[in-house]
Amino acid sequence: MRATSAKHNSLVLDRRSFLAGAAATLFVPVTLTVTARSAAAAATGVGAYIRVGDDNTVTLITGQTEMGQGIGSGLAQIMAEELMLDWAQVRFEHAPVLPATYGLPGWGVQLTGGSTSTMMWYTPLRTASAKAAQRLRAAAALTHGGTQDQWSLAVGGKLTHPTYGQKTFASVLGQIANTSEPASVSFAGTKRIVGQPVRRLDLAGKVDGSAVFGMDVMVPGMVFASVIHCPTITGKVKSCPTTASGALAVVNLGDAVAVVAKNTWLAMRIAQSLQSKVTWSLPANPALLDSTALATTAQALQDQATPPNLKAYESAGVPDDKLGLLDATYKTPFLAHACMEVLNATVSVTRTNGTVTFVELWLPTQGQSFIPATVRSVPGLSTLTDAQIKVNSMLCGGGFGRKIEQDYVLQAVKIAAAVGKPVKLTWSRPQDFKNDKYRPCASMHVRMGADANGIKAMVYRNISASINFQHGSNPEDTGAVAGAVKLPYSIANRRIEFAPLPTGVPLGYWRSVGESYNTFAVESAIDELALKLGQDPIDYRLRMLTNDQRATRLLQTLKAAPGYTSMNAARRGVAFLKGFNSYVALAVEIALDTAGMIKVTKAHYVIDCGVVINPNAVEAQMQGGLVHGIYSALYNRVTFVNGVPQVQNFSNYRVLRPRDMPQVSVSILEGDPTTAMPGGIGEAGVPCVAPAIANAYHRLRGTRVRELPFHPGATMSEG
Amino acid sequence: MILFRTPLAFLPDTSQQPVPSGASRKREGKDIAMAQVSFILNGSAKTVTVDSIKTPLLWVLRDVIGLTGTKYGCGVEICGACTVMVNGRPEKSCDTTIGEVAGANIMTIEGLKSDPLGARLQKAWLQYQVPQCGFCQSGMLMAAYGRLKAGESVSSTANGIPNLCQCGTFQRVKDAIMAIPTIA
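Top line first, the protein sequences correspond to chains A and B.
By my numbering, the letter at position 593 of the first sequence is numbered 593, and the numbering carries on one by one without gaps.
Take any residue in the second sequence, count from 1 to its spot, add 1000: that is its number in my numbering.
Below, the structure is given as C-alpha cells:
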C-alpha cells in the first residue's frame, strides 16, 4: 500500500490495494511463541494476540482502534468463542505499533478504516485463537500430565482431564513455549458469544469517566500546547513571535504556530491572541480554494467532452444511444469530520547527551502504521529505530477517518522536541473545523435510459475533488467512484467515469468515503426514474436485482416490514446500498416543521452484513450512521471564500440534539452460515440517508433536491 | 497500555508555587493574581491554586486536578460535553470560571455514582449499551442527572437534554432515560 505523508501532511491510501488486501488470501501472521520476556517475569502470552492474567482474565491485544464502532469487543468475541471463555473474563487492549504482527492480515498495515477490521481479522483471529486452544491443551499435558488429546477446554477458561481434573489457562502458560504450532485447526463451532448481543467491554469506563481518551492522557511533568493555523487554509508561517506573554514557549511549526502553557485553556487563548502577530505566506492559487470558483470549474469539466484525466472505471454495452429519460446533476459539498474529541497528541522526547534516543506518544489514532515515519520526519529524529519509538494508542473520541492523518501527530512531536518536556497538544474546536481534511466535494452527472422493467443505459460522470490526484501520486481514484461502480442492479449498458476536480483544499477520508456522495446520486436517480414511470421504488429496484439473491431478500424484507408499512407513504423514501461487503436498505419518513425545515420522523433499516458478530453493535452502527447521515444531508457544508473556511464551531455547523432523533428500528438478516463472512457495519449506515430523505421529500413536496445540504446556512438549534 | 484508569492515578506536575490567597506577583510587567480557590468536589473539600481565577472550571478539573472525565467539545457552551453539577444545577464548565465556583458544591462524572439516581443512570446506560466512542457521555449523563434530580420527568429529560453526540447514540440515550423508573 502506498502511504505518503505528502504536501499537506495528508495521507493517501491507495484504495485498490486497500480493497485487494481484503480479497487476498488471509494468513495468520503470527507465530505462537511467547513474547520474549526477562527471566524473572512469568509467561503470559499465548501468541501475540492473547494474554492470560493470573486472575484468569484473557485479554485480546489488537491493532484495531476502538473508536466507538465496538471493534475491540467484537474481535474479543471471536477470540472468546474459540477459547470457550466466559464473557466476564474477557478484556481487550490496543497493541503497540508492530504492523507485521498487528497489521491487517494480508496487508500488513496497522490502521483502522474502510470497514475492514472484522472482515479481515475474522478468519485469522479465529485461526490464531483455535491454535492457541490446541497449544493450551498441549501445555496442559506438559504441565500437569497426560497427553494433549486427553485435555479439553471447558467454558470459563478451563482445561479439563479425566484424571487430573480442572486447571486454569494461567497454570499452563509456562509450557506454551514448549508446544508447537498446530498444522491445522478446527473451530469450536459454537455461537455462545459470537452472534450474541454481549455487553461491550469498554462501556463501564465510558459511563464513569475513567476511560482514557487521547485527550485525557496525563504524563508527569507535562505541559500543554495548542495551535493556530493560517486563516487561509494551507498557508504557511512567514514570521511569528518567539515568545508570548503568559506562555512557556512559542514554537514555529511551519504549517502552524504552537503556544505552550501551563494549561490547555491558556495555550488556546494565547495562541488565538497571536493571530494578529503572525504573518503568513498565502497559498499561490486562491481560486483552487474558493467554493464558487470550484463549482464553476466542476460544471465546466462536466460540460467538456473529455476533461483532463477522464477515465472510465466501468464500461458495458453501448449506453450513449439509449439514454433520454433522466439527465440530472447531483452535487455534494465539502464536509468536516467534527469528532467529539478534537485532534490531540501527547509526546515525550528523551535526550541523552543532547541526542534524541526515545520518543513516546500517547494519542487517539486510526493510523498506527504511519506514526514511526512521521516521527522520523522531524529534523534530528530521522535515525530513530522502531524500537526507539513507542506509540500508545488511546481510545478515540470518534475517528470517522480524521484520525488516520498525521498532521496533528507531526505537530506534537515537533513541539515536544522543541520544549524538552512532555507536551499534550490539543487543537481548539475552531481550529479543528477550519483545518480538517475535508470530505471531497462532488458533482455527479447522471444520464439514464429506462422503462418500466428497469434501467437500460446509464452514463455517470463524477467530477470530484480527489485525494489521489491532489497528491500527484496517481490521477486514478477508484475510491472516487465507489458507490457508482459494481452496482448490483442489472444495467446492461453503462459507463461510469471520473475526472478529478483540481483543488488545494486538503482532503481526507470521511465515513463511507466515495459512497457518501455516489450513493446519493445513484439512489436519487433511480428514484426519479421510478417516479417518472409510476413504479413503486422498491419493486422497481427488485426488478433489476433478480440476479442478486441477498439484495432481493433484503428489499423484500423492507417492503414487508411493519417499520416500513407503518410510515406515511406520502412522505416516505427508500434507498439501497451494496457496499463494504454488506447490504443495506433504508426507509425514512419525514415531516416539515413550521419553518419548512425537514425533520426525519421515522427510519427503518434492513441490513445483511453476513456473519453477525454482535447484533447489538450492528443496530448501534445503523442508529449512529443514521444520525451522521441526517445532520450531514440536512445542514452541513464547508465552503471556502478564497481559501478561508466559512465554519467556526458547532454554532454554524449544525448537528443533531436528542430531540431531533427519529424513531429508528433495525432488522438484521443473517448470512448463509456455510458461506458468509462478516461485512462492514461502521460506514454502511451512512450513504442511504441522504437519498432516502431526498426521495421522501420529492413525494412530499413534488420537488427534487439534487444539491446537498437541504438547508444550507443552517445554524445550531437552541440548546 | 492503560485504556481505563482509576481516577486521579495520574496527576500533572503543575510546577506552581503556592502563594497566600489573594497575593499577586508581577511577571513581565503584568499583574497576575494567583489565587487559591476552595470548593466541595465530589463530596470532599478541595483547594486549588490557579494563576487566574478566570480559568474555566473545565480546565481546572482536567489540567490542574487531573479529573479528565469532564470533556472539552466546543468551548462555547453548545455541545454539553463539559457538563458538571454546580450547586445542584447542570452547568457548562467550559464557560464557568473557577472564581465563580468558589465555595460551591461541584459534582463531576467521577462522583455521579455516589448518588443513587446517578448510579441508576449509569446502570441504565450499561443495560442499553448507550456509549459508542463515549466522549460525549460524561456530559450526557450529567445533563440527564441534573434534570431528573430537579424533578423533571423522564420523557421531558430524554427530549430536553441538549448534548451533542457525533456518533449518534440518541436513540439509546432516550431509551435508557425512559427506563429509569424501572431501574433499581
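Here a beta-carbon is modelled for each residue, glycine too, at the ideal position from N, C-alpha and C.
Remember, predicted model here, so these are calculated numbers, not experimental data.
- Message: Quick check on the DSSP output: the alpha helix (DSSP H) that includes glycine 563/A runs from which residue to which?
- Response: 562-565
- Message: Quick check on DSSP: helix, strand or coil for arginine 541/A?
- Response: helix
- Residue range of the beta strand (DSSP E) that includes asparagine 462/A: 454-464
- Message: Let me make sure I understand the geometry here. Which of Leu1117/B, Gly1103/B, Ala1081/B has the alpha-carbon closest to that of alanine 1045/B?
- Response: Gly1103/B
- Message: Suppose you measure from the CA of aspartate 149/A to the CA of arginine 137/A; what does that come to, to the nearest Å?
- Response: 8 Å
- Pull out every residue of the region 303-315 of chain A whose Cβ sits closer than 8 Å to any Cβ of chain B, in chain order. none
- Which whole-angstrom value is the C-beta distance of leucine 395/A and alanine 412/A, which I expect to be below 8 Å? That pair is no contact at about 17 Å.
- Query: If we ignore side chains and look at the alpha-carbon of each, how far apart do glutamate 523/A and threonine 675/A end up?
  - Reply: 29 Å
- Task: Tell me where the alpha helix (DSSP H) around valine 207/A begins and ends.
- Result: 203-208
- Query: Can you list the residues of chain A that cysteine 1167/B reaches, using a CB-CB cut of under 7 Å?
  - Reply: Gly68, Gly398, Gly624
- Message: Please list, in chain order, the chain A residues whose beta carbon lies closer than 7 Å to that of serine 1138/B.
- Response: Gly209
- Whole-angstrom distance between aspartate 436/A and leucine 26/A, CA atom to CA atom: Confidence at leucine 26/A is low in this model, with a pLDDT of 25, below 50, so its placement is unreliable and the value that follows should be read with caution. Roughly 34 Å separates the two Cα atoms.
- What are the boundary residues of the beta strand (DSSP E) that valine 257/A is part of? 256-261
- Could you give the distance in angstroms between the alpha-carbon of threonine 519/A and the alpha-carbon of threonine 639/A? 22 Å
- Message: With H, G and I counted as helix, E and B as strand and the rest as coil, what does DSSP make of histidine 628/A?
- Response: helix
- Item | Contact set for glutamate 1110/B: own chain, Cβ-Cβ below 8 Å, skip 5 residues either direction | Pro1007, Asn1042, Leu1067, Gly1069
- Out of Arg269/A, Gly235/A, Leu669/A, state which residue places its alpha-carbon closest to the alpha-carbon of valine 505/A. Gly235/A
- Alpha carbon to alpha carbon, what distance is there between glutamine 69/A and proline 502/A? 33 Å
- Item | Partners in chain B for glycine 719/A, counting only beta-carbon separations shorter than 8 Å | Glu1077, Ile1078, Gly1080, Pro1162
- Message: Does methionine 448/A come out as helix, strand or coil in the three-state DSSP assignment?
- Response: strand
- Item | Alpha carbon of alanine 617/A to alpha carbon of glycine 1118/B, nearest angstrom | 25 Å
- Message: Which residues does DSSP list as the beta-bridge partners of glutamine 1036/B?
- Response: Thr1049/B
- Option nearest tyrosine 183/A by Cα separation, candidates Met218/A, Gly205/A, Lys131/A: The sequence given here has alanine at residue 183/A, not tyrosine. Nearest of Met218/A, Gly205/A, Lys131/A to alanine 183/A, Cα basis: Lys131/A.
- Can you pull the chain B residues whose beta carbon is under 7 Å from the beta carbon of phenylalanine 650/A, in chain order? Cys1074, Ile1078, Cys1079, Leu1164
- Less than 8 Å separating the beta-carbons of tyrosine 605/A and valine 627/A? no
- Message: Count Cβ pairs between the region 93-112 of chain A and the region 362-369 of chain A that sit closer than 8 Å; are there 3 or more?
- Response: yes
- Task: Could you tell me if proline 709/A is buried or exposed, where buried requires 16 or more neighbouring beta carbons within 10 angstroms of its beta carbon?
- Result: buried
- Please confirm if aspartate 436/A has its CB atom under 8 Å from at least one CB of chain B. no
- Kindly confirm or deny that the region 183-200 of chain A and the region 61-80 of chain A touch, where touching means at least three C-beta pairs closer than 8 Å. yes
- Query: Between the Cα of glycine 965/B and the Cα atoms of Ala261/A, Val97/A, Val342/A, Leu310/A, which residue gives the shortest distance?
  - Reply: In the structure as shown, chain B begins at 1001 and stops at 1184. Residue 965/B is therefore absent and cannot be evaluated.
- Compute the distance between the beta-carbons of aspartate 548/A and proline 488/A, then report whether it is under 8 Å. yes
- With DSSP run on the structure shown, which of helix, strand or coil describes lysine 277/A? helix
- Item | Supposed contact pair proline 475/A and asparagine 309/A - C-beta distance, whole angstroms, cut 8 Å | 4 Å
- Query: Closer than 7 Å, Cβ to any Cβ of chain A: which residues of the region 1122-1147 of chain B, in chain order?
  - Reply: Gln1122, Trp1125, Leu1126, Gln1129, Pro1131, Gln1132, Cys1133, Gly1134, Phe1135, Cys1136, Gln1137, Ser1138, Leu1141
- Task: Quickly, what does DSSP pair isoleucine 176/A with across the bridge? List them, please.
- Result: Answer by DSSP bridge pairing: none, since isoleucine 176/A is not bridged.
- Message: Residues in the same chain with beta-carbon distance under 7 Å from threonine 715/A, minus the five sequence neighbours each way, listed in chain order, please.
- Response: Ser651, Asn652, Arg654
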